[in-house]
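What follows is a short report on a single structure.
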Amino acid sequence: MSTGVKGGTGRDPNGGVGPDLNGGDAPLLRVRGLGVRLGSPAVPVLEEVDLTVRAGEIVGIVGETGSGKTTLARTVMGLLTPAAGSVEVDGVAVSGLRGAALRAHRRTGKVRFVFQDPLRSLDPDHTVGAIVGEGLAIAGVPAAERARRVRHALELVGLDPALAARRPAQLSGGQRQRVSIARAIVSEPALLICDEPVSALDASNRNHILRLLDELRERLGTGVVVISHDLGSLAGIADRVAVLYRGRIVEEGPISEVFDDPRHPYTALLVASAPRVRGTPRHDLARLRAPSTGGTGGCVFAHRCPFATGACAAVPPPVTRGERTVACHHTGTWSEAARVPVPAE
Amino acid sequence: MSAEPLLSVRDLRVTVSGGRAEAVRGVSFDVARGESVGLVGESGSGKTLTCRAVLGVLAPGCAVSGGSAEFDGLDLVGLDRRGLLGVRGRRIGAVFQDPASYLNPSLPVGGQLAEVLRVKLGLARREARDRSVELLAAMGLRDPGRVYGQYPHELSGGMLQRVLIAIAVSCDPELLIADEATTALDVTVQAEVLELLARLRAERGLSILFVSHDLAVISRLCDRIVVFYGGEIVESGPTGQVLAHPAHPYTEALLRVASEGDWTRRSLEVIPGQPPAAGAEIAGCRFADRCAVAVGRCHSARVPLTATAPGREVRCVRAEEPALAVAGAAL
Numbered sequence: 001m002s003t004g005v006k007g008g009t010g011r012d013p014n015g016g017v018g019p020d021l022n023g024g025d026a027p028l029l030r031v032r033g034l035g036v037r038l039g040s041p042a043v044p045v046l047e048e049v050d051l052t053v054r055a056g057e058i059v060g061i062v063g064e065t066g067s068g069k070t071t072l073a074r075t076v077m078g079l080l081t082p083a084a085g086s087v088e089v090d091g092v093a094v095s096g097l098r099g100a101a102l103r104a105h106r107r108t109g110k111v112r113f114v115f116q117d118p119l120r121s122l123d124p125d126h127t128v129g130a131i132v133g134e135g136l137a138i139a140g141v142p143a144a145e146r147a148r149r150v151r152h153a154l155e156l157v158g159l160d161p162a163l164a165a166r167r168p169a170q171l172s173g174g175q176r177q178r179v180s181i182a183r184a185i186v187s188e189p190a191l192l193i194c195d196e197p198v199s200a201l202d203a204s205n206r207n208h209i210l211r212l213l214d215e216l217r218e219r220l221g222t223g224v225v226v227i228s229h230d231l232g233s234l235a236g237i238a239d240r241v242a243v244l245y246r247g248r249i250v251e252e253g254p255i256s257e258v259f260d261d262p263r264h265p266y267t268a269l270l271v272a273s274a275p276r277v278r279g280t281p282r283h284d285l286a287r288l289r290a291p292s293t294g295g296t297g298g299c300v301f302a303h304r305c306p307f308a309t310g311a312c313a314a315v316p317p318p319v320t321r322g323e324r325t326v327a328c329h330h331t332g333t334w335s336e337a338a339r340v341p342v343p344a345e
Numbered sequence: 001m002s003a004e005p006l007l008s009v010r011d012l013r014v015t016v017s018g019g020r021a022e023a024v025r026g027v028s029f030d031v032a033r034g035e036s037v038g039l040v041g042e043s044g045s046g047k048t049l050t051c052r053a054v055l056g057v058l059a060p061g062c063a064v065s066g067g068s069a070e071f072d073g074l075d076l077v078g079l080d081r082r083g084l085l086g087v088r089g090r091r092i093g094a095v096f097q098d099p100a101s102y103l104n105p106s107l108p109v110g111g112q113l114a115e116v117l118r119v120k121l122g123l124a125r126r127e128a129r130d131r132s133v134e135l136l137a138a139m140g141l142r143d144p145g146r147v148y149g150q151y152p153h154e155l156s157g158g159m160l161q162r163v164l165i166a167i168a169v170s171c172d173p174e175l176l177i178a179d180e181a182t183t184a185l186d187v188t189v190q191a192e193v194l195e196l197l198a199r200l201r202a203e204r205g206l207s208i209l210f211v212s213h214d215l216a217v218i219s220r221l222c223d224r225i226v227v228f229y230g231g232e233i234v235e236s237g238p239t240g241q242v243l244a245h246p247a248h249p250y251t252e253a254l255l256r257v258a259s260e261g262d263w264t265r266r267s268l269e270v271i272p273g274q275p276p277a278a279g280a281e282i283a284g285c286r287f288a289d290r291c292a293v294a295v296g297r298c299h300s301a302r303v304p305l306t307a308t309a310p311g312r313e314v315r316c317v318r319a320e321e322p323a324l325a326v327a328g329a330a331l
């Protein structure tokens, strides 16, 4: 079963690249002015998206169905070609790669993906060991080395290495998602992109997986992007969050600040809508949901925004103050109008 | 308005794997008229099997092995197909998690709603259409006439779920069973659908049996919470009381893992260990292996579900100990 020396003569001898990020403070992922158009006729799915992820950082991306979260992830992976802007992973401009160069980049295993549905993204006919090691096999890693790394990856995600002989159907939902993550980290990626990694799991399993991602960034210095529509699960682990609405980032910043004191009406709507067992939201849901006062065009949220004015016919430029960035013409003013009355303190 | 509960489930038992494992182990609860009851628990705790047994739609290999589920005096367990058809859809409506998979993708949604009205209520074609459009409007769908003619793929998940709720309530049922009905929806849409259910309840006096693994969602809609663990009920009571003073360590653990609403918290709680396999025979408390406050007697004998206050039950030998709340908080 040995792949012999032949494997070593491949295009990319270093089947997996460790996070040897000695580039100072250079971000791991830098997305600049990204525009993606899909379909025929092509419609813009992402416009002027900026996003930065550093080594060891977890960045959450929230937004509703169709806001472009998955498209952003796929573009970063090099699965889609941008119409504008650039995507740089660890200094390599992924957006400029084509054909063999793109394939070679993917096979370095620097960026790996964890899918939402572990049952549908794991081959039911393969054993866990084969699934986790497949990427290494393709990159030409010898069998003995592969087995060692598969075992290590399974241990890292908290699975008994004896499970390597089982098939996905013999595992629970939480265990399957761990296998997905083990498959992603076996090549020691610098950047991990997780598309709704926990939405198929119940609360306890969800927290187990999120904790695992948190440990990985601590131990391996992995940069992690977590896409989720579940604000609660992101709040527990992400350092920063980017809020996408109709293909544009409307707000970005440290997650606890953004969720605690949203500066864009859409973020406030998300936060006030989230079911909660404790605390009260800062803004009044009914007020945030009131009919729009603005037209269409310009600001992507104007068609739904109860605070829109004539100014919103122009696209609001993202304005950065300190660590927070907001794209809204009325940032300081709408918030007072939507506040939940606070009992006298 | 009688004091009799609308739905009364007694000692219900459901087996899976062709009868080899008992996954629902003697579950009893009531749903009063106009009341909204939430079943909460981890995957595999038996909450969905319980609902499916009540609806008579258990998957192949699963069967009711004991107990009863009386709906307005009529035992649904053991009712023949014809009997069930008279109840299901007419007097009990149901909504599930994935709305797209319950509609025919090659037919407009309006026709699928009208079909129910024609078959179940015998309405004429024209009448069924008018009623359908009215129902779609009542579900908060804008431009219902247009939605009527649209295909499932043209509608968003939230719109599809509203169409399914319209179908479920089309015959003015007394009980609506909603199994993870808002789980797959975006957070803003989820809030709207929960409000729709609350409104239907207020307007039509609908009783709701709501199943979710998310305590926060249940707390928005339900008067009472029933907590499932390993095929048994471990705690039940009024929503506010259970959330403020959980009496079972498992409920307390569920509350700790629910992080929603506390954005500044930087640690994620987990419940250590795994729930017992479906049908596992365990001598003592089924939660004991994962319980932080378990003592010797928790492992030795079966723990009964005991009433601790009017409308409140708990299955824990240490539930009445005042020190427990302190121990739980210090975990």
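Sequence order for the protein chains is A and B. So for the first sequence, the UniProt record's numbering puts the first residue at 1; every next one is plus one. So for the second sequence, the UniProt record's numbering puts the first residue at 1; every next one is plus one. We put the CB at the ideal spot given by N, CA and C, even for glycine.
- Taking 9 Å as the CB threshold, Thr-65 of chain A lines the interface with chain B.
- Contact of Phe-259 of chain A with chain B is assigned, a C-beta pair being separated by under 9 Å.
- For the C-beta of Ala-288 of chain B, not a single chain A residue is nearer than 9 Å; the gap to the nearest is close to 17 Å.
- Only exposed fits Pro-310 of chain B, as fewer than 16 other CB atoms lie within 10 angstroms of its CB.
- Against chain A, the CB of Gly-157 of chain B has a partner CB under 9 Å away; the residue lies at that interface.
- Taking all protein chains in view, the Cβ of His-248 of chain B is crowded by 16 or more other Cβ atoms within 10 Å, so the residue is classified as buried.
- Three or more Cβ pairs closer than 8 Å define a contact, and the stretch 77-88 of chain A falls short of that threshold against the stretch 201-208 of chain A.
- At least 9 Å separates the CB of Ser-86 of chain A from every CB of chain B.
- Contact check for Leu-136 of chain B against Ala-100 of chain B fails: the beta carbons are separated by 9 Å or more.
- It is roughly 7 Å from the alpha-carbon of Arg-88 of chain B to the alpha-carbon of Leu-55 of chain B.
- Distance check between Arg-118 of chain B and each of B:Arg-297, B:Gly-145, B:Arg-90 and B:Arg-286 places B:Arg-90 closest, using alpha-carbon atoms only.
- In this structure, Val-31 of chain B lies near Pro-5 of chain B, with their beta-carbon atoms less than 9 Å apart.
- Annotation: Thr-239 of chain B has no Cβ neighbours in chain A at a cutoff of 7 Å; minimum Cβ distance is about 10 Å.
- Shown in chain order are the members of the stretch 199-210 of chain A whose Cβ falls below 7 Å from a Cβ of chain B: Asp-202, Ala-203, Ser-204, Asn-207, His-208 and Leu-210.
- Thr-71 of chain A sits in a helix when the DSSP states are folded into three classes.
- Under a criterion of Cβ atoms nearer than 9 Å, no residue of chain A is adjacent to Asp-75 of chain B; the nearest Cβ is some 32 Å distant.
- For Val-277 of chain A, the nearest beta carbon of chain B is closer than 9 Å to its own beta carbon.
- Residues of chain B with a Cβ closer than 8 Å to the Cβ of Ala-55 of chain A do not exist, since the nearest Cβ in that chain sits about 20 Å away.
- Here Asp-130 of chain B carries a helix assignment [DSSP, helix/strand/coil].
- In terms of beta-carbon proximity, Asp-90 of chain A stays away from the interface with chain B, with every pair separated by 9 Å or more.
- With a cutoff of 9 Å on beta-carbon distance, Leu-163 of chain A and Gln-177 of chain A are scored as not near each other.
- Near chain A, meaning a CB-to-CB distance below 8 Å, the residues of the stretch 271-287 of chain B are Ile-271 and Gln-274.
- Residue pairing from DSSP places Ile-225 of chain B in a beta bridge opposite B:Gly-38 and B:Gly-237.
- Under the three-state reduction of DSSP output, Glu-70 of chain B falls in the strand class.
- A residue is called buried once 16 or more other Cβ atoms fall within 10 Å of its Cβ, and Ala-100 of chain A, having fewer, is exposed.
- Apart from sequence neighbours up to five positions away, the residues of its chain that approach Thr-183 of chain B with a beta-carbon distance below 6 Å are Gln-97, ordered along the chain.
- Secondary structure in the stretch 96-172 of chain A: the beta strand (DSSP E) runs of 3 residues or longer, each lying completely within the stretch, are 111-114 in chain order.
- Under DSSP, Gly-223 of chain A shares a beta bridge with A:Leu-191.
- Counting only residues of its own chain and dropping the five nearest sequence neighbours on each side, Arg-106 of chain A has a CB closer than 7 Å to the CB of Gly-78.
- Contact with chain B is found for Ala-274 of chain A, since one of that chain's Cβ atoms lies less than 9 Å from the residue's Cβ.
- In this structure, DSSP gives Thr-182 of chain B a state outside helix and strand, which the three-state scheme calls coil.
- Burial state of Ser-17 of chain B is exposed, judged by a 10 Å Cβ sphere holding fewer than 16 other Cβ atoms.
- Taking 9 Å as the threshold, the shortest C-beta distance from His-213 of chain B to chain A falls below it.
- Between the stretch 147-165 of chain A and the stretch 179-192 of chain A, the count of C-beta pairs closer than 8 Å reaches three or more; the two stretches touch.
- Between the alpha carbons of Arg-30 of chain A and Ile-249 of chain A lies a gap of roughly 15 Å.
- With respect to Leu-154 of chain A, Ala-182 of chain A sits close: the two C-beta atoms are nearer than 9 Å.
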